Amino acid sequence: MDTGLYIVATPIGNLGDITARAVEVLEQVDLIAAEDTRHSQRLLQHFAIDTRLVAYHDHSDARSQERIASVLAEGGSVALISDAGTPLISDPGYRLVREMQSRGYAVHPVPGPCAAVAALSVCGLPTDRFRFEGFLPAKPGARNGRLVELSAETATMVFYEAPHRIVDTLAAMTAAWGGDREAVLAREITKTFETIRRDSLDGLQAFVEADTNQRKGEIVLVVSGRSISESALDADTARLLRRLAEELPAKRAAALVAEHSGLRKNTLYQYLLSVKED
1 MDTGLYIVAT
11 PIGNLGDITA
21 RAVEVLEQVD
31 LIAAEDTRHS
41 QRLLQHFAID
51 TRLVAYHDHS
61 DARSQERIAS
71 VLAEGGSVAL
81 ISDAGTPLIS
91 DPGYRLVREM
101 QSRGYAVHPV
111 PGPCAAVAAL
121 SVCGLPTDRF
131 RFEGFLPAKP
141 GARNGRLVEL
151 SAETATMVFY
161 EAPHRIVDTL
171 AAMTAAWGGD
181 REAVLAREIT
191 KTFETIRRDS
201 LDGLQAFVEA
211 DTNQRKGEIV
221 LVVSGRSISE
231 SALDADTARL
241 LRRLAEELPA
251 KRAAALVAEH
261 SGLRKNTLYQ
271 YLLSVKED
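When we follow full-length UniProt numbering, the leftmost residue of the sequence shown carries the number 1, and every step to the right adds one.
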């Protein structure tokens, strides 16, 4: 196989989701760098992969990078895996990728499972635009501040959350954005006790508070963005936009108004879509 660093996605739950290419790469590389070697060893044993395994995580020092670089320098290959899903998506690894690229080594993606994308695919919310936020700050003050900063976001938002914080996070989202904001709880995706539930933030909070099982496992929250209402535009601009949309395709009307108003074309286009839906 070609020399280089391979970024290999692994299952987020169901082991049947691993790709044939991922297994092939993990079998053929000279070294596998894993976030948690004990966790990853179970995966490798399941697929009878005996490639040498070393640890690489957020707290790894320069020596860990040098160990990987030395394999590449000799013309070998290394795979980077996380505990589950696609590495670098709320997981360590970007410093390693950046360093190996800066040294001239190739970095190859081996795509596969990702909890954020899996949740988006079944959420039933708009996915033409989405914003991945990962984990919110753990401290209440910082978390609430971040939610306020996101209050004007119109794209669908994706969050990871720890089970012991899920009730507090839903309460904070309700306080920041209103309890009627539509959201989806995606928990234990692809696992035995998978939960996919769409409701208002108020409804999800009540659901999680009433069932302790919903406060266990891996959790993804998908939350709809702020609706584009006429209040987001001044009356004259909104009127002009609607009038142009009667004669032109919505994207063309949005582009013309954006050119003369300085507003974002996508914001104007989303406004027209919301008017159409209403």
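Even glycine gets a Cβ: it sits at the ideal position worked out from N, Cα and C.
Nothing here was measured: the structure is a model prediction, and the numbers come from that model.
Contact set for residue i: own chain, Cβ-Cβ below 6 Å, skip 5 residues either direction
| i | result |
| --- | --- |
| R242 | none |
| E194 | E188 |
| T237 | S261 |
| E230 | Because E230 carries a pLDDT of 45, less than 50, the predicted location of this residue cannot be relied on, and no value is offered for it. |
| K191 | G13 |
| L88 | Y94 |
| D83 | E35, D36, H39 |
| S64 | Y56 |
| residue 324 | With the chain covering only 1 through 278, there is no way to say anything about residue 324. |
| F135 | Y160 |
Range of the contiguous alpha helix (DSSP H) that encloses residue i
| i | result |
| --- | --- |
| M173 | 166-177 |
| I81 | I81 -> not in any alpha helix (DSSP H); beta strand (DSSP E) instead, spanning 77-81. |
| I68 | 62-73 |
| L125 | No alpha helix (DSSP H) holds L125; DSSP gives it neither H nor E. |
| L26 | 20-28 |
| H39 | 37-46 |
Reference residue i; option with closest CA among the options
| i | options | result |
| --- | --- | --- |
| E133 | E149, N14, C123, A250 | E149 |
| D61 | D128, L72, G93, A115 | G93 |
| L143 | I166, S121, A55 | A small fix is needed here, since residue 143 is Arg in this sequence, not Leu. Answer by Cα proximity: I166. |
| T154 | M1, L272, S227 | S227 |
| D2 | A162, L72, V223, V54 | L72 |
| L204 | G178, T190, K191, T192 | G178 |
| A118 | R181, H59, I219 | I219 |
| V160 | P137, H39, I7, T174 | The sequence shown places Tyr at residue 160, rather than the Val named in the question. Minimum Cα distance to Y160 is reached at P137. |
| I32 | G85, A84, L53 | L53 |
| S90 | A79, S77, Q65, A116 | A116 |
| S224 | T212, L26, L201 | L201 |
| G217 | R98, G4, P163 | P163 |
| L5 | D30, T19, Y269 | D30 |
| L26 | E74, R67, I81, L15 | I81 |
| A183 | Q101, L44, V122, K139 | V122 |
| R98 | M173, P140, I7 | I7 |
| I196 | A176, A172, T19, L221 | L221 |
| A245 | E259, V275, A9, A235 | V275 |
7 Å Cβ shell around residue i - same chain, five flanking residues per side excluded
| i | result |
| --- | --- |
| R103 | A69 |
| R21 | V110 |
| T127 | L120, T156 |
| Y269 | A250, K251, A254 |
| A176 | N144, L147, V148, S151 |
N-terminal and C-terminal residue of the beta strand (DSSP E) that residue i is part of
| i | result |
| --- | --- |
| E54 | Strictly speaking, residue 54 in this sequence is Val, with Glu absent from that position. Its beta strand (DSSP E) spans residues 53-55. |
| L31 | 31-34 |
| G13 | Segment: none, G13 is in no beta strand (DSSP E) and carries neither H nor E. |
Cut-off 8 Å between Cβ atoms - residues of its own chain near residue i, not counting five sequence neighbours on either side
| i | result |
| --- | --- |
| V208 | I166, V167, L170, L185, Q214, R215 |
| A152 | R226 |
| H57 | E35, D36, P92 |
| S17 | The sequence given here has Asp at residue 17, not Ser. So the qualifying residues of the chain are P11, G112, P113, T190. |
| V23 | F47, I49 |
| G76 | T3, V29, D30, L31 |
Contact between the stretch 108-115 and the stretch 248-263 (3+ Cβ pairs under 8 Å): As far as the Cβ criterion goes, the stretch 108-115 does not touch the stretch 248-263, which means the pair count is below three.
3-residue-minimum beta strand (DSSP E) runs that sit fully inside the stretch 127-170, ordered along the chain: Fully enclosed beta strand (DSSP E) runs of 3 or longer: 130-135, 156-161.
Contained alpha helix (DSSP H) runs [length at least 4] in the stretch 183-219, N- to C-terminal order: Complete alpha helix (DSSP H) runs here, min 4: 201-210.
Any beta strand (DSSP E) of 3 or more consecutive residues that is wholly inside the UniProt domain "RsmI HTH" (232-274): Those beta strand (DSSP E) runs which fall completely within the UniProt domain "RsmI HTH" (232-274) and span 3+ residues do not exist here.
Complete runs of the beta strand (DSSP E) confined to the stretch 79-111 [at least 3 residues]: Unbroken beta strand (DSSP E) runs of no fewer than 3 residues, entirely contained in the stretch 79-111, are found at 107-110, following chain order.
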